[in-house]
Amino acid sequence: MISCNRKKGRSPIGGPLVLRVPNIRSRNISICCLMNRYAVAYKEINFGQYNNQRLILQASIILDCFTKKGIEIYYLPPYSPFLNHVEKVFSKWEVYAKSSRPEDEPELFYSMTDGLATIA
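Count the sequence shown with the working numbering and you get residues 14 to 133, in order.
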């Protein structure tokens with residue numbers, strides 16, 4: 014989830030110490046991202062949160078598809094170093110979305126969808 018509150022900043026020399034910026038109060042926006050070793054293969058941006066029932070249903074559909082195509086699945090432990098690549102993508106994605114300085118929820122959603130195309 015991206016919070017669009019600025020936590021720190023700098024004032025210009027001789028400028029005021031306080032700058033008022035808009036505070037976006039939006040619904041939760043969740044990102045699901047699938048990445049292979051070359052690029053981001055799939056992304057999904059949703060309002061709301063992912064729950065276990067939804068993930069289990071989607072996982073069973075994906076597992077069936079993989080087994081039909083003869084693809085082997087390896088389960089990684091939580092916080093595996095192999096997942097650091099997608100965390101780097103999320104970090105760049107978040108910086109892009111915040112730097113576009115959206116002022117309302119639709120602008121935030123647009124900057125999130127546009128962000129991946131820009132950083133990838």
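Think of the CB as a built atom: it goes at the ideal place given N, C-alpha and C, for glycine as much as any other residue.
Whose CA, out of P91, T80, D77 and A110, lies closest to the CA of L121?
Residue mapping note: residue 121 aligns to position 108 of the sequence shown, counting from 1. It is A110.
Can you give the Cα-Cα distance for N41 and G128, rounded to whole angstroms?
In the sequence shown, the residue the question calls residue 41 occupies position 28. In the sequence shown, the residue the question calls residue 128 occupies position 115. Roughly 18 Å separates the two Cα atoms.
Return helix, strand or coil for I69, following the three-state DSSP convention.
Walking along the sequence shown from the start, residue 69 turns up at place 56. Three-state DSSP puts I69 in a helix.
Among V99, L47, E118 and S43, which has the Cα closest to the Cα of Q62?
The count along the sequence shown starts at 1 and reaches residue 62 at position 49. Ranking V99, L47, E118 and S43 by Cα distance to Q62 puts S43 first.
Whole angstroms is fine: what's the gap from K101's alpha carbon to C45's?
By 1-based counting over the sequence shown, the position of residue 101 is 88. By 1-based counting over the sequence shown, the position of residue 45 is 32. Cα to Cα, K101 sits roughly 14 Å from C45.
Return the bridge partner residues of I44 from the DSSP annotation.
Within the sequence shown, numbered from 1, the residue matching residue 44 stands at position 31. I44 is bridged to I58.
Could you spell out the range, first to last residue, of the alpha helix (DSSP H) harbouring Y109?
By 1-based counting over the sequence shown, the position of residue 109 is 96. Unbroken alpha helix (DSSP H) run through Y109: N97 to S112.
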